[in-house]
Amino acid sequence: MSALTGASVADAGYETETLQGGTLGEVCRVSGTAVTEDGERPYALVVKTQRRWERHGDPQCWRREHDLYAANIVDDFPGPIKLPRCLLLEEEDGLTRIWMEYVEGATGTRLQIDELALAAERLGSFQGAFHLKGRKDWAVPRGYPAVRSSYDLYQIILAGRLRESIAGFPDALRHILNGYADRAADLMDAFDALPLTLCQGDVHQDNIILREEANGTAVYLIDWDCAGYGRMGEDAVDMLMEAFVYSDREVSLLPAYRRRIIDSYCAGARTQGADFELNDSRVRELSALAWGFRVATRYLEAGDEGTRRRCVEILHAMLA
(Lines of atoms letter the chains of each structure in order from A and count residues from 1; the text may use other names and numbers.)
(Lines give C-alpha, C1' and ligand atoms only; values in the text may rest on other atoms or scores of the structure.)
Protein backbone atom coordinates (compact mmCIF):
# COMPACT_ATOMS: atom_id res chain seq x y z
CA MET A 1 0.00 0.00 0.00
CA SER A 2 2.82 2.39 0.82
CA ALA A 3 4.22 1.85 -2.68
CA LEU A 4 0.95 3.13 -4.12
CA THR A 5 0.44 6.11 -1.83
CA GLY A 6 4.06 7.17 -1.46
CA ALA A 7 3.65 7.45 2.32
CA SER A 8 3.38 5.19 5.36
CA VAL A 9 -0.15 3.81 5.77
CA ALA A 10 -1.72 3.65 9.20
CA ASP A 11 -5.12 2.32 8.15
CA ALA A 12 -7.19 1.71 5.04
CA GLY A 13 -10.75 0.98 4.11
CA TYR A 14 -11.49 -1.07 1.05
CA GLU A 15 -14.09 -2.54 -1.26
CA THR A 16 -13.65 -5.17 -3.94
CA GLU A 17 -14.97 -5.59 -7.46
CA THR A 18 -14.53 -8.73 -9.54
CA LEU A 19 -13.13 -7.81 -12.94
CA GLN A 20 -12.79 -11.38 -14.14
CA GLY A 21 -13.84 -14.56 -12.38
CA GLY A 22 -13.74 -18.27 -13.03
CA THR A 23 -12.86 -21.65 -11.59
CA LEU A 24 -9.18 -21.32 -12.56
CA GLY A 25 -8.50 -17.70 -11.77
CA GLU A 26 -9.91 -14.44 -10.54
CA VAL A 27 -9.00 -10.78 -11.01
CA CYS A 28 -10.34 -8.30 -8.45
CA ARG A 29 -10.02 -4.54 -8.11
CA VAL A 30 -9.45 -3.40 -4.53
CA SER A 31 -10.03 0.30 -3.90
CA GLY A 32 -10.67 2.66 -1.04
CA THR A 33 -9.07 5.35 1.07
CA ALA A 34 -5.81 4.96 2.96
CA VAL A 35 -4.95 6.95 6.07
CA THR A 36 -1.34 8.13 5.81
CA GLU A 37 0.92 10.50 7.69
CA ASP A 38 0.00 13.13 5.09
CA GLY A 39 -3.75 12.60 5.36
CA GLU A 40 -6.27 10.46 3.49
CA ARG A 41 -5.45 9.24 0.00
CA PRO A 42 -7.56 7.23 -2.45
CA TYR A 43 -5.98 4.09 -3.88
CA ALA A 44 -6.78 1.26 -6.28
CA LEU A 45 -4.96 -1.98 -6.97
CA VAL A 46 -5.57 -5.33 -8.64
CA VAL A 47 -5.25 -8.79 -7.10
CA LYS A 48 -4.85 -11.60 -9.63
CA THR A 49 -5.30 -15.13 -8.28
CA GLN A 50 -4.35 -18.03 -10.54
CA ARG A 51 -4.97 -21.70 -9.75
CA ARG A 52 -3.09 -24.61 -11.23
CA TRP A 53 -4.12 -25.62 -14.74
CA GLU A 54 -2.37 -26.76 -17.91
CA ARG A 55 -2.60 -25.26 -21.38
CA HIS A 56 -1.95 -27.53 -24.37
CA GLY A 57 1.78 -28.22 -24.37
CA ASP A 58 2.41 -25.69 -21.60
CA PRO A 59 2.09 -27.11 -18.06
CA GLN A 60 3.64 -24.06 -16.36
CA CYS A 61 1.27 -21.47 -17.87
CA TRP A 62 -0.71 -21.03 -14.66
CA ARG A 63 2.27 -19.63 -12.74
CA ARG A 64 4.21 -17.91 -15.54
CA GLU A 65 3.15 -14.32 -14.92
CA HIS A 66 3.94 -14.70 -11.21
CA ASP A 67 7.37 -16.08 -12.08
CA LEU A 68 8.08 -13.30 -14.60
CA TYR A 69 7.58 -10.76 -11.85
CA ALA A 70 9.41 -12.87 -9.25
CA ALA A 71 12.51 -13.14 -11.43
CA ASN A 72 12.44 -9.37 -12.11
CA ILE A 73 12.39 -10.16 -15.82
CA VAL A 74 9.92 -7.37 -16.49
CA ASP A 75 12.51 -4.86 -15.23
CA ASP A 76 14.60 -5.68 -18.29
CA PHE A 77 11.76 -5.26 -20.79
CA PRO A 78 12.26 -2.52 -23.40
CA GLY A 79 10.28 0.64 -22.67
CA PRO A 80 7.73 0.91 -25.54
CA ILE A 81 5.42 -1.61 -23.80
CA LYS A 82 4.59 -1.29 -20.11
CA LEU A 83 3.35 -3.79 -17.54
CA PRO A 84 1.50 -2.92 -14.33
CA ARG A 85 3.86 -2.41 -11.40
CA CYS A 86 3.98 -5.43 -9.10
CA LEU A 87 3.38 -4.65 -5.42
CA LEU A 88 3.41 -8.10 -3.80
CA LEU A 89 3.71 -11.75 -4.80
CA GLU A 90 2.19 -14.68 -2.90
CA GLU A 91 2.32 -18.40 -3.53
CA GLU A 92 0.52 -21.38 -2.01
CA ASP A 93 0.20 -24.99 -3.08
CA GLY A 94 -1.32 -24.91 -6.55
CA LEU A 95 -2.05 -21.17 -6.42
CA THR A 96 -0.29 -17.88 -7.13
CA ARG A 97 -1.41 -14.36 -6.30
CA ILE A 98 -0.12 -11.09 -7.79
CA TRP A 99 -0.90 -7.71 -6.22
CA MET A 100 -0.30 -4.99 -8.81
CA GLU A 101 -1.16 -1.41 -9.64
CA TYR A 102 -4.54 -0.78 -11.22
CA VAL A 103 -4.09 0.70 -14.71
CA GLU A 104 -7.12 2.63 -15.89
CA GLY A 105 -7.45 3.57 -19.55
CA ALA A 106 -8.97 2.72 -22.91
CA THR A 107 -9.28 -1.03 -23.51
CA GLY A 108 -11.46 -3.71 -25.10
CA THR A 109 -13.98 -2.63 -27.72
CA ARG A 110 -13.07 1.02 -27.10
CA LEU A 111 -9.92 0.34 -29.12
CA GLN A 112 -10.57 1.01 -32.78
CA ILE A 113 -8.18 1.04 -35.72
CA ASP A 114 -6.12 4.06 -34.65
CA GLU A 115 -5.67 2.80 -31.09
CA LEU A 116 -4.77 -0.72 -32.20
CA ALA A 117 -2.32 0.69 -34.74
CA LEU A 118 -0.61 2.63 -31.95
CA ALA A 119 -0.47 -0.50 -29.79
CA ALA A 120 0.95 -2.44 -32.76
CA GLU A 121 3.64 0.18 -33.34
CA ARG A 122 4.72 0.03 -29.69
CA LEU A 123 4.62 -3.78 -29.77
CA GLY A 124 6.83 -3.83 -32.87
CA SER A 125 9.24 -1.41 -31.20
CA PHE A 126 9.31 -3.54 -28.04
CA GLN A 127 9.88 -6.78 -29.92
CA GLY A 128 12.41 -5.26 -32.31
CA ALA A 129 14.43 -4.02 -29.34
CA PHE A 130 14.13 -7.36 -27.57
CA HIS A 131 15.22 -9.22 -30.70
CA LEU A 132 18.38 -7.12 -30.89
CA LYS A 133 19.25 -6.72 -27.21
CA GLY A 134 17.04 -8.90 -25.02
CA ARG A 135 18.11 -12.00 -23.14
CA LYS A 136 17.30 -15.27 -24.88
CA ASP A 137 18.16 -17.62 -21.99
CA TRP A 138 15.41 -17.06 -19.42
CA ALA A 139 13.82 -20.29 -18.24
CA VAL A 140 10.41 -18.79 -17.38
CA PRO A 141 8.98 -18.12 -20.89
CA ARG A 142 7.34 -21.12 -22.50
CA GLY A 143 9.35 -23.11 -25.00
CA TYR A 144 6.44 -24.34 -27.15
CA PRO A 145 5.98 -21.75 -29.94
CA ALA A 146 2.48 -20.25 -29.98
CA VAL A 147 1.82 -20.69 -33.72
CA ARG A 148 2.81 -24.35 -33.61
CA SER A 149 0.83 -24.87 -30.39
CA SER A 150 -2.36 -23.38 -31.85
CA TYR A 151 -2.06 -25.32 -35.09
CA ASP A 152 -1.35 -28.61 -33.34
CA LEU A 153 -4.23 -28.17 -30.90
CA TYR A 154 -6.91 -27.36 -33.44
CA GLN A 155 -5.67 -29.89 -35.95
CA ILE A 156 -6.19 -32.53 -33.25
CA ILE A 157 -9.72 -31.26 -32.64
CA LEU A 158 -10.56 -31.25 -36.34
CA ALA A 159 -9.05 -34.73 -36.73
CA GLY A 160 -9.48 -34.90 -40.49
CA ARG A 161 -12.98 -33.39 -40.60
CA LEU A 162 -11.85 -30.92 -43.25
CA ARG A 163 -10.97 -33.76 -45.61
CA GLU A 164 -14.66 -34.34 -46.29
CA SER A 165 -17.53 -32.00 -47.09
CA ILE A 166 -19.11 -30.21 -44.12
CA ALA A 167 -22.69 -29.04 -44.26
CA GLY A 168 -22.79 -25.28 -44.85
CA PHE A 169 -19.00 -24.88 -44.88
CA PRO A 170 -17.70 -23.72 -48.28
CA ASP A 171 -15.64 -26.33 -50.10
CA ALA A 172 -13.32 -23.59 -51.39
CA LEU A 173 -12.33 -22.66 -47.82
CA ARG A 174 -11.96 -26.31 -46.88
CA HIS A 175 -9.55 -26.88 -49.78
CA ILE A 176 -7.51 -23.78 -48.87
CA LEU A 177 -7.13 -24.92 -45.26
CA ASN A 178 -6.21 -28.43 -46.36
CA GLY A 179 -3.54 -26.90 -48.58
CA TYR A 180 -2.06 -25.10 -45.60
CA ALA A 181 -2.19 -28.31 -43.57
CA ASP A 182 -0.32 -30.17 -46.32
CA ARG A 183 2.40 -27.50 -46.27
CA ALA A 184 2.44 -26.98 -42.52
CA ALA A 185 5.86 -28.51 -41.87
CA ASP A 186 7.56 -26.35 -44.50
CA LEU A 187 5.69 -23.24 -43.34
CA MET A 188 6.71 -23.85 -39.73
CA ASP A 189 10.34 -24.12 -40.85
CA ALA A 190 9.96 -20.79 -42.64
CA PHE A 191 8.47 -19.19 -39.51
CA ASP A 192 11.40 -20.48 -37.47
CA ALA A 193 13.68 -18.41 -39.68
CA LEU A 194 11.95 -15.16 -38.64
CA PRO A 195 13.71 -13.03 -35.97
CA LEU A 196 13.46 -14.39 -32.45
CA THR A 197 11.87 -12.20 -29.78
CA LEU A 198 9.74 -12.38 -26.65
CA CYS A 199 6.04 -12.83 -27.45
CA GLN A 200 3.17 -12.07 -25.08
CA GLY A 201 1.14 -14.82 -26.78
CA ASP A 202 -2.37 -13.45 -26.19
CA VAL A 203 -2.59 -9.91 -27.56
CA HIS A 204 -6.34 -9.62 -27.09
CA GLN A 205 -7.93 -6.17 -27.12
CA ASP A 206 -8.95 -6.73 -23.48
CA ASN A 207 -5.26 -7.20 -22.61
CA ILE A 208 -4.27 -3.84 -24.12
CA ILE A 209 -4.70 -0.67 -22.07
CA LEU A 210 -3.95 2.82 -23.38
CA ARG A 211 -3.40 5.32 -20.56
CA GLU A 212 -2.71 9.03 -20.90
CA GLU A 213 0.39 9.90 -18.90
CA ALA A 214 2.67 12.92 -18.51
CA ASN A 215 4.77 11.94 -21.53
CA GLY A 216 1.85 11.00 -23.77
CA THR A 217 -0.11 7.81 -24.37
CA ALA A 218 1.38 4.75 -22.67
CA VAL A 219 0.55 1.26 -23.93
CA TYR A 220 0.18 -1.42 -21.25
CA LEU A 221 0.01 -5.11 -22.07
CA ILE A 222 -1.36 -7.39 -19.35
CA ASP A 223 -1.87 -11.17 -18.91
CA TRP A 224 1.54 -12.69 -19.64
CA ASP A 225 0.72 -16.32 -18.83
CA CYS A 226 1.22 -17.26 -22.52
CA ALA A 227 4.57 -15.46 -22.77
CA GLY A 228 7.37 -17.25 -24.56
CA TYR A 229 10.17 -16.93 -27.04
CA GLY A 230 8.64 -16.74 -30.49
CA ARG A 231 8.92 -15.02 -33.83
CA MET A 232 8.43 -11.42 -34.73
CA GLY A 233 5.03 -10.81 -36.29
CA GLU A 234 3.03 -13.54 -34.60
CA ASP A 235 1.76 -11.25 -31.82
CA ALA A 236 0.74 -8.66 -34.42
CA VAL A 237 -1.31 -11.28 -36.26
CA ASP A 238 -2.88 -12.28 -32.93
CA MET A 239 -3.82 -8.65 -32.26
CA LEU A 240 -5.54 -8.49 -35.63
CA MET A 241 -7.44 -11.77 -35.39
CA GLU A 242 -8.42 -11.39 -31.73
CA ALA A 243 -10.04 -8.08 -32.70
CA PHE A 244 -12.47 -9.90 -34.99
CA VAL A 245 -12.84 -13.50 -33.80
CA TYR A 246 -13.87 -12.49 -30.29
CA SER A 247 -15.95 -9.40 -31.01
CA ASP A 248 -18.86 -8.28 -33.15
CA ARG A 249 -16.69 -5.85 -35.16
CA GLU A 250 -17.79 -5.67 -38.79
CA VAL A 251 -15.78 -8.30 -40.69
CA SER A 252 -15.57 -6.12 -43.81
CA LEU A 253 -13.14 -3.93 -41.82
CA LEU A 254 -10.59 -6.74 -41.41
CA PRO A 255 -8.46 -5.91 -44.50
CA ALA A 256 -8.11 -2.26 -43.42
CA TYR A 257 -7.23 -3.30 -39.85
CA ARG A 258 -4.71 -5.81 -41.19
CA ARG A 259 -2.96 -3.18 -43.26
CA ARG A 260 -2.75 -0.65 -40.40
CA ILE A 261 -1.76 -3.13 -37.69
CA ILE A 262 0.91 -4.96 -39.71
CA ASP A 263 2.38 -1.77 -41.23
CA SER A 264 2.47 -0.09 -37.80
CA TYR A 265 4.10 -3.12 -36.20
CA CYS A 266 6.85 -3.26 -38.83
CA ALA A 267 7.41 0.49 -38.58
CA GLY A 268 7.82 0.14 -34.82
CA ALA A 269 10.40 -2.61 -35.28
CA ARG A 270 12.39 -0.42 -37.66
CA THR A 271 12.59 2.39 -35.09
CA GLN A 272 14.82 0.06 -33.07
CA GLY A 273 17.04 -0.83 -36.02
CA ALA A 274 15.38 -4.19 -36.72
CA ASP A 275 15.17 -4.78 -40.47
CA PHE A 276 11.79 -6.50 -40.48
CA GLU A 277 8.89 -6.73 -42.91
CA LEU A 278 5.81 -8.97 -43.15
CA ASN A 279 4.48 -9.30 -46.66
CA ASP A 280 0.87 -10.22 -47.41
CA SER A 281 1.74 -13.84 -48.16
CA ARG A 282 3.49 -14.33 -44.82
CA VAL A 283 0.61 -12.69 -42.93
CA ARG A 284 -1.87 -15.07 -44.61
CA GLU A 285 0.32 -18.06 -43.74
CA LEU A 286 0.64 -17.02 -40.10
CA SER A 287 -3.08 -16.30 -39.91
CA ALA A 288 -4.03 -19.60 -41.53
CA LEU A 289 -1.95 -21.81 -39.23
CA ALA A 290 -2.47 -19.87 -35.99
CA TRP A 291 -6.13 -18.96 -36.57
CA GLY A 292 -7.64 -20.64 -39.62
CA PHE A 293 -8.10 -24.04 -38.01
CA ARG A 294 -9.22 -22.42 -34.75
CA VAL A 295 -11.98 -20.52 -36.57
CA ALA A 296 -12.97 -23.65 -38.50
CA THR A 297 -13.28 -25.50 -35.18
CA ARG A 298 -15.40 -22.64 -33.85
CA TYR A 299 -17.68 -23.11 -36.88
CA LEU A 300 -18.08 -26.83 -36.17
CA GLU A 301 -18.82 -26.24 -32.49
CA ALA A 302 -21.18 -23.29 -32.98
CA GLY A 303 -24.78 -23.76 -31.93
CA ASP A 304 -26.27 -20.96 -33.99
CA GLU A 305 -26.29 -19.93 -37.62
CA GLY A 306 -25.08 -16.41 -36.89
CA THR A 307 -21.80 -17.62 -35.38
CA ARG A 308 -21.25 -20.07 -38.23
CA ARG A 309 -21.87 -17.34 -40.81
CA ARG A 310 -19.44 -15.02 -39.06
CA CYS A 311 -16.76 -17.74 -38.97
CA VAL A 312 -17.05 -18.18 -42.74
CA GLU A 313 -16.84 -14.41 -43.28
CA ILE A 314 -13.71 -14.19 -41.12
CA LEU A 315 -12.05 -17.07 -42.96
CA HIS A 316 -12.79 -15.46 -46.32
CA ALA A 317 -11.32 -12.14 -45.13
CA MET A 318 -8.34 -13.82 -43.44
CA LEU A 319 -7.31 -15.94 -46.41
CA ALA A 320 -8.10 -13.48 -49.21
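For the sequence shown, this note's numbering assigns the number -1 to the initial residue and increments by one for each residue that follows.
Yeah, the Cβ is synthetic: ideal placement off N, Cα and C, and Gly gets one too.
Since this is a predicted model, take the numbers as computed values, not measurements.
- Only residues of its own chain outside the window of five on either side were considered, and among them Leu317 have a CB closer than 7 Å to the CB of Arg282, listed in chain order.
- For the pair of segments examined, the segment 249 to 264 was found to touch the segment 118 to 138: the number of CB pairs separated by less than 8 Å reaches three.
- Excluding sequence positions up to five before and after Glu299, its CB lies less than 8 Å from no other CB in the same chain.
- In the pairwise beta carbon analysis, the segment 102 to 117 is classified as touching the segment 202 to 214: at least three pairs are separated by under 8 Å.
- The beta carbon of Asp169 lies closer than 7 Å to those of Ser163 in the same chain, with the five residues before and after it left out.
- In this structure, DSSP gives Cys224 a state outside helix and strand, which the three-state scheme calls coil.
- DSSP assignment within the segment 229 to 312 yields no whole beta strand (DSSP E) run of 3 residues or more.
- Across the set Val235, Lys131, Tyr67 and Pro139, the C-alpha of Pro139 shows the shortest separation from the C-alpha of Cys224.
- In the structure shown, the three-state DSSP call for Ile79 is coil.
- Take Leu81, set aside five residues on each side of it, and the residues of its chain with a beta-carbon closer than 8 Å to its own are Val72, Phe75, Tyr218, Leu219, Ile220 and Trp222, in chain order.
- The Cβ-Cβ distance between Gln125 and Thr215 does not fall below 8 Å.
- When secondary structure is reduced to three states using DSSP, Trp60 falls in the helix class.
- The segment 285 to 294 makes contact with the segment 143 to 159: 3 or more CB pairs, one atom from each, lie closer than 8 Å.
- Boundaries of the alpha helix (DSSP H) around Leu130: Ile111 to Lys131.
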